[in-house]
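Asks: Could you have a look at this structure, given as structure tokens, before my questions?
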Amino acid sequence: MFHLELLVVGLIWGAMYAMMALGLTLVYGLLRILHVAHAGVFALGAYAGVLTANATGSLWLAVPAAIGVAAAVGPLIYRFIYAPMLSRPPYVALIASIGLFIAMEDGFRLLFGPYGLPFDYNPWFVTTYSLGGISLNVVQIAMAVSTLVLAGAFGVFIAATRVGVAWRATVSDPQMAQSFGIDPVRVRYLNFAIGSAMAGAAGLLVGLLNNLVEPGMGAVVSYKGLAIIVLGGLGNVPGAVVASLILGVVESFGTVYLAAVLDRDAIAFAVLIAVLLIRPRGLFAPAR
Amino acid sequence: MRYSHHTPSLVKGLFLASAVALGGAASAADALRIGFHAPLTGFAAGDGKSSSLGAELAAEQINAAGGCDGRMVELVIYDDQAKADQAIPAANKLLGEGVKVAISGSYSGATRAAAGVFQKAGIPFISAYAIHPDITRTGDHVFRTSFMGEVQGRAGAKFVGEMLGHQRIVMITLNNDFGQSLATGFKQKAADFGIEIVSEYSYSIKDRQFGSIVAGVKRDAPDAIYASGYFFTAGPLVSQLRAGGVEAPIIGQEGYDTQHFIDIAKEAAEGVMITTSLDRDSEDPEMRAFIDAFEAKAGFPADMVAAATHTAVRVMCDAVARAGGDDPQAVRDALAATKDFATATGRISFNALGEIMKDVEIQVVKDGAYRHFASIHDPELLAPPSE
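Chains G and F, in that order, give the protein sequences. For the first sequence, the working numbering gives the first residue as 7, with consecutive numbering after it. For the second sequence, the working numbering gives the first residue as 220, with consecutive numbering after it.
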């Protein structure tokens, strides 16, 4: 029973990581940029959510606010930060991304204070359901369900729609795709909008789960997200999801059984190192 | 980054420049400049803000009352991000600014690092609320105006085992200097107070999600939980324990001691008890005056961190006044001779190691605020080491 509960907790953590890692791996697959500032978008979604919820008293309004703000800001980051640097070596964009992330963290701290913002009213956190003896609150259920729905919808979108085909074509060969009349810039905007929307949703859910939205909340997911997309094979979308779930479960058991030796983040990186020793390209093949 | 207390640094720079140009000893040159480092950015920026506000309040009050031995107090504040590797350059910059006395408004890691710098430079240094035992062992210029971690841990054991009568305890320990020294003290005395430690979980300061620990605590079904943390970890931890159906009493420490903890945990915070040095219901005029003045200045209720830096600034000023100036050696000797000095966190006297001895306050969260629950007066149990 206890182990089943740890497994469920781990899968929920994994779902949270997956929502973050999807956007990261999409950007990497398309532009070969490590989008560190994605974690800033995650925190931005959380801030948009908590400010809306506290202003209106409605958590339901917080959802579109978090997703909408994040989905709007992601493409702007592409337009004003990455697009001018695409002809430069990839580390230039990486440095810009790290700089943007630090600026966003400190911006949140200056604008909304160093103490963080709790939700005034968070019924989803205290409403719990018991499923087979394991009690889960609505936020945890929402985390798992939204990851399933978003990842599923994304899979269908990629496989079965015209835009999805254009996307895949652009990822695998941008020049060829362009000569067939696909506009790669539109694909990039779409990419940033979708990835950022997921990060915004994840930020809101994590904020609800902690009942606290803080300036530095993106820090942990930023480097863990990078570990996950390496683990899953850079740019590989299903790989990132599987790697997220594995990491979540390993952390859940690890925080109980290994905490005396390794802390939670060390566990994540120990797994990463172990996998890379055996499979240097990650669990699954990288994109392309 | 440098933050000036009185005037924007540009304005002050011009003022200092003109003072030098005129060749006269302007009043700014006479100010008592107290070096102060705190985490103004980074994960601990909340506590850094409270600690700076507490210190600034003390400086304002001292200045309004005519200054420290007739000199205006000016805080020279540097950011250390609560990191040891940032605290050393911050301490060196303070030395470069020529401060002759210094205070830490930061956490244990940063304070231990800075203590070495100030000790080597012969500058008297007070740790306001960093609790690691090695801080005062750095040398004879280092003092601490709050409880050592171990002392507070021992008080926690007495409170849980003897006063509340709980036996089967789960420990949830924050894995840093703060949590570990509390856990050490708690474990030292646990058996003496009839406590059996069923299991101990640990978490890192970056963790906010405790699902696996909650599952473990449910399995252990303890009589009570002794959990260390700061408001930003303890808030989520306590909320998640209660939302997961854990009903055992939770005992925390001074890291919880701020209204922000209650704002995060809300109903889940009700009944949480902590060991600390700030008594919200105190009749003591010093404590009352601080609690009221802080809320008026900050716009939110006083917390332990602010009370601690307020105390440290006042203790330092008292020593400077008795030393008749800020000669570092004279101030050090005056600090060491501090006797029964009344502050917002109780009466301060130092032992040979620079540690204080005072009662531990127990506060409980009731109707969304910290209230008095008990005081532990036990000189034998609470005696800090003297070497």
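Where is the CB? At the ideal position from N, CA and C, for every residue including glycine.
1. With respect to the alpha helix (DSSP H) encompassing residue 181/G, which residues constitute its N-terminal and C-terminal limits?
2. Is the number of C-beta pairs between the segment 538-556 of chain F and the segment 578-586 of chain F that are closer than 8 Å three or more?
3. What residues are listed by DSSP as bridge partners for residue 585/F?
4. For residue 288/F, which residues does DSSP report across the bridge?
5. So residue 257/F is in the alpha helix (DSSP H); what residue range does that whole segment cover?
6. Any C-beta of chain F within less than 8 Å: which residues of the segment 159-191 of chain G qualify?
7. Tell me, please, whether the CB atom of residue 584/F is closer than 9 Å to any CB atom in chain G?
8. Alpha helix (DSSP H) containing residue 115/G: first to last residue?
9. Please report the residue range of the alpha helix (DSSP H) in which residue 267/G lies.
10. Considering only DSSP beta bridges, list what residue 143/G is partnered with.
11. Residue 362/F bridges to which residues according to DSSP?
12. Can you tell me the Cα-Cα spacing of residue 46/G and residue 228/G, whole angstroms?
13. Please confirm whether residue 256/F has its beta-carbon closer than 9 Å to some beta-carbon of chain G.
14. Determine the direct distance from the alpha carbon of residue 453/F to that of residue 205/G, and round the result to whole angstroms.
15. Using a Cβ-Cβ distance under 9 Å, would residue 459/F count as near chain G?
16. By alpha-carbon positions, which one of 273/F, 510/F, 362/F and 600/F ends up nearest to residue 411/F?
17. Kindly indicate which three-state DSSP category residue 419/F falls into: helix, strand or coil?
18. Whose Cβ in chain F lies nearer than 8 Å to the Cβ of residue 19/G?
19. Count the other CB atoms within 10 Å of the CB of residue 348/F; is the residue buried (16 or more) or exposed (fewer)?
20. Going by beta carbon distance, what residues of the same chain come within less than 6 Å of residue 246/F, once the five residues before and after it are set aside?
21. When you compare the CB positions of residue 575/F and residue 603/F, do they come within less than 9 Å of one another, or not?
22. Whole angstroms are fine: how far does the CA of residue 352/F sit from the CA of residue 569/F?
23. Counting only runs that start and end within the segment 359-404 of chain F, where is the alpha helix (DSSP H) found for 4 or more residues in a row?
24. Is there contact here, the segment 196-203 of chain G with the segment 222-241 of chain G, by at least three beta-carbon pairs under 8 Å?
25. Leaving out the 5 sequence neighbours to the left and right, which residues in its chain are closer than 8 Å to residue 92/G when beta-carbon positions are compared?
26. Pull out every residue of the segment 469-481 of chain F whose Cβ sits closer than 7 Å to any Cβ of chain G, in chain order.
27. Taking all protein chains shown into account, do 16 or more other C-beta atoms lie within 10 angstroms of the C-beta of residue 485/F, making it buried, or fewer, making it exposed?
28. Can you confirm whether the segment 504-518 of chain F touches the segment 246-255 of chain G when touching is taken to mean that 3 or more C-beta pairs between the two stretches lie within less than 8 Å?
29. Would you list the residues sitting across from residue 566/F in a DSSP beta bridge?
30. So, are the CB atoms of residue 221/G and residue 122/G less than 9 Å apart?
31. Taking 9 Å as the CB-CB limit, is residue 406/F close to chain G?
32. Within the 9 Å Cβ cut-off, does residue 60/G reach chain F?
33. Provide the residue(s) that pair with residue 494/F in DSSP beta bridges, ordered along the chain.
34. Could you compute how far the alpha carbon of residue 289/G sits from the alpha carbon of residue 242/G?
35. With respect to the beta strand (DSSP E) encompassing residue 206/G, which residues constitute its N-terminal and C-terminal limits?
36. Pick out whichever of 450/F, 501/F and 362/F has its Cα sitting closest to the Cα of residue 481/F.
Replies: By the coordinates alone:
1. 180-185
2. no
3. 588/F
4. Bridge partners of residue 288/F: none, in fact.
5. No alpha helix (DSSP H) holds residue 257/F; the beta strand (DSSP E) holding it covers 251-257.
6. none
7. no
8. 96-118
9. It is not in any alpha helix (DSSP H) - residue 267/G carries neither H nor E in the DSSP assignment.
10. 134/G.
11. 345/F
12. 8 Å
13. no
14. Those two C-alpha atoms are separated by around 25 Å.
15. For residue 459/F, the nearest CB of chain G lies under 9 Å from its own CB, placing it at the interface with that chain.
16. It is 600/F.
17. In this structure, residue 419/F counts as strand in the three-state DSSP scheme.
18. 428 and 430
19. So residue 348/F counts as buried.
20. Only weak support exists for where residue 246/F lies, its pLDDT of 48 falling under 50; the value from the coordinates is given anyway. The answer is none, since no qualifying residue turns up.
21. A Cβ-Cβ contact shorter than 9 Å links residue 575/F with residue 603/F.
22. Approximately 15 Å between the Cα atoms of the pair.
23. 368-376
24. no
25. 37 and 99
26. Taking 7 Å as the Cβ-Cβ cut-off against chain G, the residues of the segment 469-481 of chain F that qualify are 479.
27. buried
28. no
29. 561/F
30. yes
31. no
32. no
33. Partner(s): 581/F.
34. Pairing residue 289/G with residue 242/G, the inter-Cα distance amounts to about 10 Å.
35. Note, residue 206/G: premise wrong, no beta strand (DSSP E); alpha helix (DSSP H) at 190-216.
36. Nearest Cα to residue 481/F within the set 450/F, 501/F and 362/F: 450/F.
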